[in-house]
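Residue 293 in this note's numbering sits at position 264 of the sequence shown, and the numbers go up by one each step. Only one structure is covered here, and it is reproduced in the block below.
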Amino acid sequence: MTETHAPLSYPPSAEFTAQANAAEGLYRDAEQDRLAFWAEQANRLSWATPFSQVLDWSEAPFAKWFADGKLNVAYNCVDRHVEAGNGDRVAIYWEGEQIGDSRSLTYRDLQDEVGKAANALTGLGLVAGDRVAIYLPMIPEAIVAMLACARLGLMHSVVFAGYTANALRARIDDAEAKLVITADGQFRRGKPAPLKNAVDDAVASADTVEHVLVVRRTGIEVDWKQGRDVWWHDVVDSASPEHDPEAFDAEHPLFLLYTSGTTGKPKGIVHTSGGYLTQASYTHHNIFDIKPETDVFWCTADIGWVTGHTYGVYGPLSNGVTEIFFEGTPDTPSQHRHFQIIEKYGATIYYTAPTMVRTFMKWGREFPDAHDLSSLRLLGTVGEPINPEAWRWYRTVIGGDSAPIVDTWWQTETGAAMISPLPGVAATKPGSAMAALPGISAKVVDDHGDELAPPSTDEGEHAAGYLVLDQPWPSMLRGIWGDPDRFRETYWSRYAEHGYYFAGDSARYDSDGAIWVMGRIDDVMNVSGHRISTAEVESALVGHAGVAEAAVVGATDDTTGQAICAFVVLTADHADTAGAEIIDELRAEVAKEISPIARPRELHVVPELPKTRSGKIMRRLLRDIVEKRELGDTSTLLDPGVFDAIRAAK
Ligand code: ATP
Ligand code: MG
């Protein structure tokens, strides 16, 4: 992990620090009085009825934040900006999948659209507390639908539009949704593909679904069930834009969202209103240093993931900033697409996943280099540990060697970012999410719940521990939908006597006390008594010029307990070198970079890695392969065909 030629940490420039929203003092404020600090953050929002109590933790682990306050989430994301005189500010620059297909919506436009949609949903018989499944591509109607639900106190459950009818059915059934909002089809790589047909399949036997509301997006033909199906342009476009928002209790449920399924069967995570919006808004403002008058913020995540909820909808809109919302994929019509969009709209802040950065690296820097990316002043990542190699490339090639990078650790369950540098404060270290945010408390503990001590030096082997959150936080999940036992069991049983939330991730401190998230606990291998993280071995492999991506898992081994098995995808210019030579070279590289103990027992060159639809590597399925087991739950796998290719390559 030590590299002599590159700096070990990257402090922000003096100019960045001077203009930053968040300074060092924010940590002190939060430490002095955590609850008063959160009350202050909550008061960045507009409350119809002010709260008098900040936190009620008497029924732990079921938290109540700001419980006697009332607010309307959609009002906070839209109307109040119009009332403040910013109705003409662009809320959304929407970029369609096809070049030339774009739309901008000001905050006033958004207010009208949300008002119409809210009236239409009321017309369809929906009342506060009902659940609505949203199965839409990345079109403005998706955001409008979410906000209309929020405005009416309906709980949305957004389902990624790339999921199958089966995955959709499971989520509709689990939530007992009354309405499904979808589109006739969606554009995928330049072509229209059907979407509503999956809804027809999914709801055929769902007796809770009363209506299917359909946006005409592609014009492709659809089957129509009279009485059940309604067109968006019939009921929404004709509705009145006037709509008085009702204020709901802070603990009124806002949405239900299923986790990515990286570790197992997806869990239906419940979030509520006041606490969620408080932390979404606060973290967005401070981590991304938002200046609503001038910034153009782009979070590339699909609305089907929590990142798309918190930093694609609720965070940016609550802060009244202009954001980019992109329907397509980064390589359609060419690998220039993201960079063209940054250039076209003058994006100032760009937030994506490590897998995207590694993909850009694989394609080569000629694509970003062909564009003026000088508008970018801040970059972010989320979703997985980012290997230092990719981090540095991101900073140099995309960030013009100056933009700070915020590596944000959080989960569907945490609702908003928890561990992240503040960009004007931290000297960031590539691969580290650094420290818990002001107001948040995280610890790395051992098996007994005792906090690990930072090592005296960063040389040698690092002790890995378990990442826990030892204090409740406003946007914490309020449960797993319909399954309080699974909620307690999954997150609160491991350190029950300490009252810690166990995140399921392993982490370590470095000698400065910075936090390095190493991946999921299953992703730490035990080789002859040495704890080695998959992320560390992968990082060593990706450090080799010939390797585009790597996934590492531990397999049971008679002599060493676990043995390291690696799967690598080669870069385009090394694709022909798939012989024994590169395999030996890579194994030696890991031995040299980390330790001879970490030398992979097996290394396979494969055409692709199994990933979730949100782009995370599914190591649990690779473990099934190396241990020759049946594959576990594959419902959230991107490409089921990948395993034939991996088996063929083995
Ligand atoms: P499931 O819980 O169903 O297995 P998942 O954990 O992948 O799926 P998410 O809630 O989307 O579902 O992802 C949260 C996880 O992503 C974290 O627990 C962590 O493992 C990983 N993660 C997110 N951000 C970071 C980051 N900045 N650094 C390291 N890991 C991260
Ligand atoms: Mg998880």
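Ideal placement from N, C-alpha and C gives every residue a C-beta, glycine not left out. Quantities reported herein were computed from a predicted structural model and do not represent experimental measurements.
{"Query": "G533 CB to nearest heavy atom of the ligand MG below 7 Å", "Result": "yes"}
{"Query": "Bounding residues of the beta strand (DSSP E) (the contiguous stretch that carries C178)", "Result": "Taken as a continuous stretch (DSSP letters only), C178 belongs to no beta strand (DSSP E), being part of the alpha helix (DSSP H) at 169-181."}
{"Query": "Spatial neighbours of A580 in its chain, beta-carbon cut-off 7 Å, leaving aside the 5 residues before and after", "Result": "E567, F596, L638, I646, R648, L651"}
{"Query": "Heavy atom of the ligand MG within 7 Å of T247 beta-carbon", "Result": "no"}
{"Query": "Nearest neighbour of Y530, chosen from M447, I593, V598, A577 [CA to CA]", "Result": "M447"}
{"Query": "Cα-Cα separation between E44 and D85, rounded to whole angstroms", "Result": "41 Å"}
{"Query": "Best match in G460, L615, G468, A574 for proximity to Y39 [C-alpha to C-alpha]", "Result": "G460"}
{"Query": "Outcome for A742 when other beta-carbon atoms lying within 10 angstroms are tallied against a minimum of 16", "Result": "The shown model of the chain, from 30 to 679, leaves out residue 742, and the question about it has no answer."}
{"Query": "CA nearest to the CA of G572, picked from H633, A49, E418", "Result": "E418"}
{"Query": "Inter-residue spacing [alpha-carbon to alpha-carbon] between Y130 and T425", "Result": "The residue asked about is misnamed: residue 130 is Asp in this sequence, not Tyr. Going from the Cα of D130 to the Cα of T425 covers about 31 Å."}
{"Query": "Contact the stretch 173-190 vs the stretch 141-152: 3+ CB pairs below 8 Å", "Result": "yes"}
{"Query": "Per-residue DSSP class, three states only, for S302", "Result": "coil"}
{"Query": "6 Å Cβ shell around M30 - same chain, five flanking residues per side excluded", "Result": "Caution is warranted here: a pLDDT of 42 is assigned to M30, below 50, making its placement in the model unreliable, and no coordinate value can be reported."}
{"Query": "Beta-bridge pairing of I448 - partner residues as DSSP gives them", "Result": "W438, A465"}
{"Query": "Per-residue burial, D430 [other beta carbons within 10 Å of its own, 16 or more giving buried]", "Result": "exposed"}
{"Query": "Inter-residue Cα distance where the pair is M175 and G575", "Result": "43 Å"}
{"Query": "Proximity test, R424 beta-carbon vs the ligand ATP heavy atom, cut-off 7 Å", "Result": "no"}
{"Query": "Proximity below 8 Å, CB of A376 to CB of V411", "Result": "no"}
{"Query": "beta-carbon P414 near the ligand ATP non-hydrogen atom, thresh 7 Å", "Result": "yes"}
{"Query": "First and last residue of the uninterrupted alpha helix (DSSP H) at F368", "Result": "366-374"}
{"Query": "Nearest neighbour of P282, chosen from D202, V671, V156 [CA to CA]", "Result": "V156"}
{"Query": "Rounded C-alpha distance that separates D673 from G583", "Result": "21 Å"}
{"Query": "Rounded straight-line distance, which links the Cα of V634 to that of G214", "Result": "37 Å"}
{"Query": "Through-space distance from A51 to I434, alpha-carbon basis", "Result": "15 Å"}
{"Query": "Residue from P483, Q48, R57, G125 whose Cα sits closest to the Cα of L466", "Result": "R57"}
{"Query": "Endpoints, the alpha helix (DSSP H) within which N148 is located", "Result": "136-152"}
{"Query": "For H272, three-class secondary structure by DSSP", "Result": "coil"}
{"Query": "Bridge partner(s) assigned by DSSP for S131", "Result": "E124"}
{"Query": "Limits of the unbroken alpha helix (DSSP H) element including N226", "Result": "225-232"}
{"Query": "Q215: first and last residue of the uninterrupted beta strand (DSSP E) it sits in", "Result": "214-217"}
{"Query": "beta-carbon R549 near the ligand ATP non-hydrogen atom, thresh 7 Å", "Result": "yes"}
{"Query": "Pairwise C-alpha distance: P669 and E356", "Result": "24 Å"}
{"Query": "Whole-angstrom distance between F516 and P345, CA atom to CA atom", "Result": "29 Å"}
{"Query": "Per-residue burial, N555 [other beta carbons within 10 Å of its own, 16 or more giving buried]", "Result": "exposed"}
{"Query": "beta-carbon T339 near the ligand MG non-hydrogen atom, thresh 7 Å", "Result": "no"}
{"Query": "Y380 in three-state terms, based on DSSP", "Result": "strand"}
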